[in-house]
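For the sequence shown, my numbering begins at 205 and goes up steadily by one. Step one of this worksheet: look at the structure below.
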Amino acid sequence: FTVLGVEEVPKGRPCLSAGNYVMVMGVVRSCSPEPVLRAIKMTDLSENPVHKDMWNLEVEDLHRVIP
């Protein structure tokens, strides 16, 4: 999926680096042909071990939901 507006989110840009696990909250702008979100808030969850352990499961779930 695509996330728009990350440059406008306060403190959002530092979250974006390879290997980080980032939560993006936003508004769905479109669903077809792929989801497009307008970012409102971004949070780096990389340092939390619980979130890190859940990441693979969440990616698998996302692939099941989005064809």
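Even glycine gets a Cβ: it sits at the ideal position worked out from N, Cα and C.
Buried/exposed call for residue i, threshold 16 Cβ in 10 Å
i	result
V254	exposed
V232	exposed
V269	exposed
G223	exposed
Unbroken beta strand (DSSP E) run spanning residue i, endpoints
i	result
R233	V226 to S234
V240	V240 to D248
V207	T206 to L208
Cβ neighbours of residue i in the same chain (closer than 8 angstroms, five flanking residues each side left out)
i	result
V226	C219, L220, M246, T247, D248, L249 and S250
Same chain only: Cβ atoms within 6 angstroms of residue i, ignoring 5 sequence neighbours per side
i	result
I244	M229 and G230
First through last residue of the alpha helix (DSSP H) which encompasses residue i
i	result
V254	P253 to V269
Proximity below 8 angstroms, CB of residue i to CB of residue j
i	j	result
F205	P237	no
Residues of its chain near residue i, where Cβ-Cβ distance is below 7 angstroms and the 5 sequence neighbours each way are ignored
i	result
G216	V210, A243 and M246
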